[in-house]
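Under this note's numbering, think of the first position of the sequence shown as 1, with each following residue one higher.
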Amino acid sequence: MRIAVLALQGDFIEHEQKLSECGVDTFEIRQLADIERDFDGLILPGGESTTIGKLLRELGLYAPLKQKIENGLPVLATCAGMILLAEKIANDDKTHFGTMAITVKRNAYGRQLGSFRTLSEMKGLGVIPMTFIRAPYIEQTNGAEILATVQGKSVAARQGNQLALAFHPELDDSNDIFNYFIDICKAYKSTTK
Ligand code: GLN
Numbered sequence: 001m002r003i004a005v006l007a008l009q010g011d012f013i014e015h016e017q018k019l020s021e022c023g024v025d026t027f028e029i030r031q032l033a034d035i036e037r038d039f040d041g042l043i044l045p046g047g048e049s050t051t052i053g054k055l056l057r058e059l060g061l062y063a064p065l066k067q068k069i070e071n072g073l074p075v076l077a078t079c080a081g082m083i084l085l086a087e088k089i090a091n092d093d094k095t096h097f098g099t100m101a102i103t104v105k106r107n108a109y110g111r112q113l114g115s116f117r118t119l120s121e122m123k124g125l126g127v128i129p130m131t132f133i134r135a136p137y138i139e140q141t142n143g144a145e146i147l148a149t150v151q152g153k154s155v156a157a158r159q160g161n162q163l164a165l166a167f168h169p170e171l172d173d174s175n176d177i178f179n180y181f182i183d184i185c186k187a188y189k190s191t192t193k
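In structure tokens:
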């Protein structure tokens, strides 16, 4: 099994390290030729969604990756990645893949409280660490299932094989989120291959 990590901008290296710790083969998507390889899951890392969205389009990666996600490829999207998946961004006119039925708010915690760490419950996993860095939250679900709520705001959602998190599991010690995602990828692989 192999999981691709979008490596255009942001903290993709941390995701690759986590996947290797979990014993999963990984490679970086930096250009169109990279997606011709066979892979069973995709990670959209944190970073700056506007920059990643622009690069996706410039490099011709936008349409083929969107198609793969729509066809059921498992995706783990963290922070900026969650913004890329959202069908609506409350405080931005532009959307990106728009494959997930959520409305998100960018930089939703304001400047002062922009970054914080907490322990909170995630459905199916129990209490896990959650690190927020200039994070968005989910303002509204338009069909996706909400898996975690922190300070009254929705911060994790799943829709089919798409898993979106406002926080950064790649920056914490726990590998629970990664193992949860790897299980989704294994199930996908077994039904498609
Ligand atoms: N604020 C960033 C954005 O809007 C997301 C921050 C992050 O990924 N840590 O894209």
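Note that CB positions come from ideal geometry on N, CA and C, so glycine has one too.
Rank the options by C-alpha distance to the C-alpha of residue i and give the top, closest one.
i	options	result
Asp40	Leu32, Glu58 and Leu19	Leu19
Tyr109	Phe167, Cys22 and Thr141	Phe167
Thr103	Glu121, Gly114 and Leu84	Leu84
Gly23	Val150, Phe12, Ile184 and Arg2	Arg2
Asn142	Ile133, Ser154, Val150 and Thr131	Ser154
Glu145	Phe132, Ala164, Tyr180 and Val127	Ala164
Ser190	Ala157, Leu119, Gly72 and Arg158	Gly72
Met100	Met130, Gln67, Val127 and Thr118	Gln67
Met82	Lys123, Leu119, Pro64 and Asn107	Asn107
Phe97	Gln162, Phe27, Ile177 and Glu16	Gln162
Gln159	Asp92, Leu76, Glu139 and Arg117	Leu76
Leu42	Pro74, Lys94 and Gln9	Pro74
Gln31	Ala63, Glu16 and Gly47	Ala63
Asp213	Gly126, Ser49, Val127 and Gly124	Only positions 1 to 193 of the chain appear in this structure, which leaves residue 213 out of reach.
What span of residues does the beta strand (DSSP E) with residue i cover, start to end?
i	result
Glu170	Element bounds for Glu170: n/a, residue is neither H nor E.
Ile29	Asp25 to Ile29
Ala33	Careful: Ala33 lies outside any beta strand (DSSP E) and carries neither H nor E.
Thr103	Met100 to Lys105
Leu6	Arg2 to Leu6
Gln159	Lys153 to Gln159
Any heavy atom of the ligand GLN within a distance shorter than 7 Å of the CB on residue i?
i	result
Ala80	yes
Met120	The question names Met, but residue 120 is Ser in the sequence shown. Not so, every heavy atom of the ligand GLN lies at least 7 Å from the Cβ.
Val107	In the sequence on display, residue 107 carries Asn and not Val. Yes - the ligand GLN has a heavy atom lying nearer than 7 Å to the Cβ of Asn107.
Arg57	no
Arg117	no
Pro136	yes
Ile133	yes
Gly47	yes
Ile83	yes
Tell me which residue opens and which closes the alpha helix (DSSP H) that residue i is part of.
i	result
Ile146	Run containing Ile146: none in the alpha helix (DSSP H); it sits in the beta strand (DSSP E), Glu145 to Val150.
Ser190	Asp176 to Thr192
Glu21	Phe12 to Glu21
Lys54	Ser49 to Glu58
Report the partner residues of residue i according to the DSSP bridge assignment.
i	result
Ser115	Ile133
Gly126	Met122
Ala63	DSSP output for Ala63 lists no bridge partner at all.
Ala77	Leu44 and Ala164
Lys94	For Lys94, which the question treats as bridged, DSSP gives no partner whatsoever.
Ile138	Val104 and Ser154
Asn89	A small fix is needed here, since residue 89 is Ile in this sequence, not Asn. Val104.
Let me know if residue i comes out buried or exposed under the rule of 16 or more other beta-carbons within 10 Å of its beta-carbon.
i	result
Ala187	exposed
Lys105	buried
Ile182	buried
Ile194	An answer regarding residue 194 cannot be provided, because it is not within the stretch 1 to 193 covered by the chain.
Leu150	It is worth fixing the name first, because residue 150 is Val in this sequence and not Leu. The residue is buried, with at least 16 neighbouring Cβ atoms inside 10 Å.
Ala33	exposed
Leu119	exposed
Ser115	exposed
Thr192	exposed
Thr26	buried
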